[in-house]
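For reference, the structure is listed below as C-alpha coordinates.
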Amino acid sequence: ALVILRPVEGRTDQKLAEQLASLELLTVEEFQPVARALVRSFDGSCEFSLELPYSVAVARELGSRLQQFSSGICNRDRHFHRALLSECQDKFESLLQVVDSPSTSKSEAALAKIRLTRIVTFIGHLYHVKCAPHGIIHAILTDLIPSGESLSAEFRVLCSCALLELVGHAFAEVDASYLVAFIGKLVELTAKSSFGAPTRRLVEELREISTTSWQPKRVLTVRAEMVASHVKASCTNKGGEQVCAFNMMAGQGTRLGRSSQERNSEPLRRVDAHSSRRCLAPSR
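Here the numbering used here is used: the first residue of the sequence shown is 2, the next is one more, and so on.
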(Lines of atoms letter the chains of each structure in order from A and count residues from 1; the text may use other names and numbers.)
(Lines give C-alpha, C1' and ligand atoms only; values in the text may rest on other atoms or scores of the structure.)
Protein backbone atom coordinates (compact mmCIF):
# COMPACT_ATOMS: atom_id res chain seq x y z
CA ALA A 1 0.00 0.00 0.00
CA LEU A 2 2.82 2.42 0.80
CA VAL A 3 4.49 1.77 -2.56
CA ILE A 4 1.23 2.31 -4.44
CA LEU A 5 0.38 5.46 -2.49
CA ARG A 6 3.82 7.05 -2.84
CA PRO A 7 3.41 10.28 -4.85
CA VAL A 8 4.59 9.97 -8.45
CA GLU A 9 4.99 13.02 -10.66
CA GLY A 10 2.37 13.13 -13.39
CA ARG A 11 0.19 10.39 -11.95
CA THR A 12 -3.53 11.08 -12.16
CA ASP A 13 -6.27 10.21 -9.68
CA GLN A 14 -7.51 7.56 -12.11
CA LYS A 15 -4.08 5.94 -12.34
CA LEU A 16 -3.79 5.91 -8.56
CA ALA A 17 -7.21 4.26 -8.30
CA GLU A 18 -6.22 1.62 -10.86
CA GLN A 19 -3.02 0.82 -8.99
CA LEU A 20 -4.87 0.67 -5.69
CA ALA A 21 -7.38 -1.71 -7.28
CA SER A 22 -4.52 -4.16 -7.87
CA LEU A 23 -3.87 -4.42 -4.13
CA GLU A 24 -5.10 -7.76 -2.82
CA LEU A 25 -6.90 -7.74 0.52
CA LEU A 26 -6.94 -11.39 1.53
CA THR A 27 -6.86 -11.94 5.28
CA VAL A 28 -8.03 -10.17 8.39
CA GLU A 29 -4.42 -9.75 9.49
CA GLU A 30 -3.64 -7.72 6.38
CA PHE A 31 -6.41 -5.19 6.88
CA GLN A 32 -4.80 -3.36 9.80
CA PRO A 33 -1.47 -2.53 8.10
CA VAL A 34 -3.23 -1.50 4.89
CA ALA A 35 -5.57 0.77 6.86
CA ARG A 36 -2.63 2.20 8.80
CA ALA A 37 -0.75 2.90 5.57
CA LEU A 38 -3.74 4.74 4.13
CA VAL A 39 -4.22 6.92 7.19
CA ARG A 40 -0.53 7.70 7.61
CA SER A 41 -0.20 8.65 3.96
CA PHE A 42 -2.86 11.33 4.39
CA ASP A 43 -2.08 12.77 7.82
CA GLY A 44 1.60 13.46 7.12
CA SER A 45 3.05 11.09 9.74
CA CYS A 46 4.61 8.88 7.05
CA GLU A 47 7.88 9.65 5.26
CA PHE A 48 5.73 11.22 2.57
CA SER A 49 2.31 12.81 2.45
CA LEU A 50 -0.27 12.53 -0.31
CA GLU A 51 -1.94 15.60 -1.73
CA LEU A 52 -5.43 15.96 -0.27
CA PRO A 53 -7.34 15.59 -3.58
CA TYR A 54 -5.98 12.04 -3.81
CA SER A 55 -8.20 11.13 -0.86
CA VAL A 56 -11.21 11.45 -3.17
CA ALA A 57 -9.81 8.86 -5.58
CA VAL A 58 -8.72 6.55 -2.78
CA ALA A 59 -12.07 6.79 -0.99
CA ARG A 60 -13.98 6.04 -4.18
CA GLU A 61 -11.77 3.05 -4.97
CA LEU A 62 -12.15 1.73 -1.42
CA GLY A 63 -15.91 2.04 -1.70
CA SER A 64 -15.91 0.16 -4.99
CA ARG A 65 -13.56 -2.57 -3.76
CA LEU A 66 -15.38 -3.15 -0.50
CA GLN A 67 -18.75 -3.43 -2.23
CA GLN A 68 -17.32 -6.46 -4.01
CA PHE A 69 -16.71 -8.10 -0.63
CA SER A 70 -20.27 -7.61 0.62
CA SER A 71 -21.94 -10.76 -0.70
CA GLY A 72 -22.90 -13.95 1.07
CA ILE A 73 -21.16 -14.82 4.32
CA CYS A 74 -18.01 -12.85 3.47
CA ASN A 75 -17.16 -10.45 6.29
CA ARG A 76 -13.99 -8.96 4.81
CA ASP A 77 -15.64 -5.60 4.18
CA ARG A 78 -16.70 -5.41 7.84
CA HIS A 79 -13.18 -6.20 9.04
CA PHE A 80 -11.60 -3.60 6.78
CA HIS A 81 -14.19 -0.96 7.70
CA ARG A 82 -13.41 -1.50 11.37
CA ALA A 83 -9.66 -1.37 10.80
CA LEU A 84 -9.79 1.76 8.64
CA LEU A 85 -12.23 3.69 10.81
CA SER A 86 -10.45 2.68 14.02
CA GLU A 87 -7.22 4.06 12.57
CA CYS A 88 -8.94 7.29 11.52
CA GLN A 89 -10.74 7.85 14.80
CA ASP A 90 -7.72 6.96 16.95
CA LYS A 91 -5.58 9.36 14.92
CA PHE A 92 -8.24 12.07 15.21
CA GLU A 93 -8.43 11.73 19.00
CA SER A 94 -4.65 11.66 19.52
CA LEU A 95 -4.09 14.73 17.32
CA LEU A 96 -6.88 16.61 19.08
CA GLN A 97 -5.12 15.98 22.39
CA VAL A 98 -1.88 17.38 20.96
CA VAL A 99 -3.68 20.50 19.72
CA ASP A 100 -5.35 21.06 23.11
CA SER A 101 -2.30 20.40 25.28
CA PRO A 102 -0.83 23.57 26.87
CA SER A 103 2.61 21.94 26.72
CA THR A 104 2.52 21.62 22.93
CA SER A 105 4.85 24.04 21.17
CA LYS A 106 3.53 26.38 18.49
CA SER A 107 5.27 24.45 15.71
CA GLU A 108 3.96 21.12 16.98
CA ALA A 109 0.44 22.53 17.33
CA ALA A 110 0.54 23.96 13.80
CA LEU A 111 1.59 20.60 12.34
CA ALA A 112 -1.02 18.74 14.39
CA LYS A 113 -3.75 21.09 13.12
CA ILE A 114 -2.80 20.42 9.51
CA ARG A 115 -2.75 16.67 10.09
CA LEU A 116 -6.05 16.78 11.95
CA THR A 117 -7.73 18.73 9.14
CA ARG A 118 -6.47 16.18 6.62
CA ILE A 119 -7.79 13.23 8.63
CA VAL A 120 -11.20 14.87 9.13
CA THR A 121 -11.41 15.58 5.40
CA PHE A 122 -10.43 12.00 4.52
CA ILE A 123 -13.18 10.71 6.84
CA GLY A 124 -15.62 13.01 5.06
CA HIS A 125 -14.68 11.47 1.72
CA LEU A 126 -15.08 7.97 3.20
CA TYR A 127 -18.57 8.95 4.38
CA HIS A 128 -19.58 9.89 0.84
CA VAL A 129 -18.69 6.43 -0.48
CA LYS A 130 -20.35 4.68 2.49
CA CYS A 131 -17.07 3.58 4.02
CA ALA A 132 -17.85 5.58 7.17
CA PRO A 133 -21.15 5.44 9.10
CA HIS A 134 -23.27 8.30 10.36
CA GLY A 135 -22.11 7.52 13.91
CA ILE A 136 -18.48 8.45 13.35
CA ILE A 137 -19.41 11.82 11.79
CA HIS A 138 -21.71 12.51 14.74
CA ALA A 139 -18.91 11.60 17.18
CA ILE A 140 -16.29 13.79 15.48
CA LEU A 141 -18.57 16.83 15.32
CA THR A 142 -19.47 16.37 18.99
CA ASP A 143 -15.80 16.11 19.98
CA LEU A 144 -14.92 19.24 18.00
CA ILE A 145 -17.28 21.51 19.96
CA PRO A 146 -14.96 23.61 22.17
CA SER A 147 -15.45 23.25 25.90
CA GLY A 148 -15.01 26.51 27.78
CA GLU A 149 -12.14 28.82 26.90
CA SER A 150 -10.14 26.40 24.80
CA LEU A 151 -6.94 27.69 23.20
CA SER A 152 -7.90 25.76 20.07
CA ALA A 153 -11.53 26.92 19.98
CA GLU A 154 -11.27 28.77 16.67
CA PHE A 155 -9.43 25.89 15.01
CA ARG A 156 -12.07 23.45 16.26
CA VAL A 157 -14.77 25.59 14.66
CA LEU A 158 -12.83 25.75 11.38
CA CYS A 159 -12.29 22.00 11.45
CA SER A 160 -16.01 21.44 12.05
CA CYS A 161 -16.81 23.67 9.09
CA ALA A 162 -14.36 21.78 6.87
CA LEU A 163 -16.15 18.52 7.66
CA LEU A 164 -19.63 20.01 7.26
CA GLU A 165 -18.71 21.43 3.86
CA LEU A 166 -18.10 17.87 2.71
CA VAL A 167 -20.88 15.94 4.42
CA GLY A 168 -23.46 18.56 5.46
CA HIS A 169 -26.10 17.88 2.82
CA ALA A 170 -25.86 14.07 3.10
CA PHE A 171 -25.79 14.27 6.90
CA ALA A 172 -28.89 16.49 6.90
CA GLU A 173 -30.83 13.69 5.23
CA VAL A 174 -29.90 11.36 8.09
CA ASP A 175 -29.99 13.61 11.17
CA ALA A 176 -31.23 17.10 10.28
CA SER A 177 -32.18 17.98 13.87
CA TYR A 178 -28.66 17.31 15.15
CA LEU A 179 -27.12 19.28 12.29
CA VAL A 180 -29.34 22.30 12.91
CA ALA A 181 -28.52 22.21 16.63
CA PHE A 182 -24.80 21.81 15.92
CA ILE A 183 -24.64 24.77 13.53
CA GLY A 184 -26.64 26.79 16.05
CA LYS A 185 -23.96 25.99 18.60
CA LEU A 186 -21.24 27.14 16.20
CA VAL A 187 -23.10 30.41 15.64
CA GLU A 188 -23.47 30.91 19.40
CA LEU A 189 -19.79 30.19 20.09
CA THR A 190 -18.68 32.52 17.30
CA ALA A 191 -20.91 35.35 18.54
CA LYS A 192 -19.37 35.14 22.03
CA SER A 193 -15.79 34.78 20.83
CA SER A 194 -13.00 36.93 19.46
CA PHE A 195 -12.64 34.83 16.32
CA GLY A 196 -11.31 36.50 13.21
CA ALA A 197 -13.52 37.84 10.44
CA PRO A 198 -12.87 34.89 8.04
CA THR A 199 -14.07 32.39 10.65
CA ARG A 200 -17.17 34.44 11.43
CA ARG A 201 -17.96 34.76 7.74
CA LEU A 202 -17.54 31.02 7.18
CA VAL A 203 -19.86 30.11 10.06
CA GLU A 204 -22.49 32.55 8.80
CA GLU A 205 -22.28 31.10 5.28
CA LEU A 206 -22.77 27.59 6.66
CA ARG A 207 -25.75 28.76 8.69
CA GLU A 208 -27.36 30.23 5.58
CA ILE A 209 -26.67 27.13 3.51
CA SER A 210 -28.03 24.83 6.20
CA THR A 211 -31.38 26.62 6.14
CA THR A 212 -31.65 26.93 2.36
CA SER A 213 -29.73 24.18 0.58
CA TRP A 214 -29.54 21.38 3.16
CA GLN A 215 -33.27 20.73 3.09
CA PRO A 216 -33.71 17.41 1.19
CA LYS A 217 -37.31 18.11 0.12
CA ARG A 218 -36.37 21.43 -1.49
CA VAL A 219 -33.16 20.48 -3.27
CA LEU A 220 -33.24 18.60 -6.56
CA THR A 221 -29.50 18.32 -7.14
CA VAL A 222 -26.44 19.19 -5.07
CA ARG A 223 -22.96 18.88 -6.55
CA ALA A 224 -19.91 19.12 -4.29
CA GLU A 225 -16.46 20.05 -5.55
CA MET A 226 -14.50 18.34 -2.76
CA VAL A 227 -11.05 19.81 -3.19
CA ALA A 228 -10.61 22.16 -0.28
CA SER A 229 -12.17 24.33 2.33
CA HIS A 230 -14.03 27.55 1.64
CA VAL A 231 -17.65 27.05 0.60
CA LYS A 232 -20.02 29.09 -1.52
CA ALA A 233 -23.42 28.10 -2.85
CA SER A 234 -25.28 29.16 -5.97
CA CYS A 235 -28.92 28.20 -6.36
CA THR A 236 -31.30 28.49 -9.29
CA ASN A 237 -34.94 27.59 -9.78
CA LYS A 238 -35.62 24.92 -12.39
CA GLY A 239 -39.15 23.72 -12.95
CA GLY A 240 -40.27 24.92 -9.56
CA GLU A 241 -37.49 23.07 -7.71
CA GLN A 242 -34.38 24.59 -6.20
CA VAL A 243 -31.09 23.39 -7.70
CA CYS A 244 -27.98 24.23 -5.69
CA ALA A 245 -24.27 23.77 -6.33
CA PHE A 246 -21.50 23.91 -3.71
CA ASN A 247 -18.23 25.51 -4.75
CA MET A 248 -15.35 24.79 -2.37
CA MET A 249 -12.17 26.83 -2.65
CA ALA A 250 -9.08 26.83 -0.47
CA GLY A 251 -8.93 29.15 2.49
CA GLN A 252 -6.05 30.32 4.65
CA GLY A 253 -4.44 29.63 8.00
CA THR A 254 -5.14 26.13 9.27
CA ARG A 255 -7.15 25.41 6.18
CA LEU A 256 -5.28 23.52 3.49
CA GLY A 257 -3.62 25.17 0.49
CA ARG A 258 -5.35 26.57 -2.56
CA SER A 259 -5.79 24.30 -5.59
CA SER A 260 -6.42 25.44 -9.13
CA GLN A 261 -8.22 22.20 -9.97
CA GLU A 262 -11.92 21.61 -9.58
CA ARG A 263 -13.23 18.13 -8.97
CA ASN A 264 -16.84 17.03 -8.99
CA SER A 265 -18.10 14.36 -6.65
CA GLU A 266 -20.70 11.78 -7.38
CA PRO A 267 -24.24 12.86 -6.35
CA LEU A 268 -24.53 12.68 -2.58
CA ARG A 269 -26.32 9.58 -1.38
CA ARG A 270 -28.32 8.73 1.70
CA VAL A 271 -26.43 6.90 4.43
CA ASP A 272 -28.12 4.75 7.04
CA ALA A 273 -27.99 6.22 10.54
CA HIS A 274 -25.92 4.81 13.39
CA SER A 275 -26.11 6.53 16.76
CA SER A 276 -23.35 4.86 18.79
CA ARG A 277 -20.43 7.05 19.93
CA ARG A 278 -17.85 4.49 18.84
CA CYS A 279 -19.91 2.85 16.14
CA LEU A 280 -17.25 1.65 13.72
CA ALA A 281 -19.28 -0.99 11.90
CA PRO A 282 -20.27 -0.06 8.34
CA SER A 283 -23.77 1.02 7.46
CA ARG A 284 -25.98 -1.65 5.93
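Heads up, the beta-carbon is just placed ideally off N, CA and C, and yes, glycines get one too. A quick note: this is a predicted structure, and the numbers were derived from the prediction, not measured.
Where residue i falls, given that 16 or more other Cβ within 10 Å makes a residue buried
i	result
K16	exposed
T13	exposed
A225	In this predicted model, A225 has a pLDDT of only 36, less than 50, meaning its place in the structure is not dependable enough to derive any value.
P103	exposed
A192	exposed
S261	Because the pLDDT at S261 is just 32, under 50, the model does not fix this residue reliably, and the point stays unresolved.
Q90	buried
Proximal residues to residue i (C-beta, below 7 Å), its chain only, five neighbours per side dropped
i	result
Y179	H139
C160	L117, T118, V121 and L145
R201	T191
A133	L86, I124 and L127
V181	S211
When the options are compared against residue i, the one with the closest alpha-carbon
i	options	result
I184	L164, S108, E109 and P199	L164
F172	L152, A154, K131 and R157	K131
S195	G11, K92, A110 and V158	V158
K92	K193, I115 and S106	I115
E94	L127, T105, H126 and A113	A113
V168	A198, S211, A111 and L152	S211
A110	L152, E206, K186 and G197	L152
E209	I137, G197, V188 and A198	V188
S148	K186, A182, H129 and E166	K186
V40	Q20, E88 and E19	E88
Sequence-distant residues of its chain with Cβ nearer than 6 Å to residue i (five each side left out)
i	result
L203	C162
G11	none
L96	A113, R116 and L117
G197	none
DSSP state of residue i mapped onto helix, strand, coil
i	result
S102	coil
I146	coil
V130	coil
F123	helix
S153	coil
S194	coil
G11	coil
Beta-carbon contacts of residue i that lie in its chain and below 8 Å, excluding the five residues immediately before and after
i	result
T105	V99 and A113
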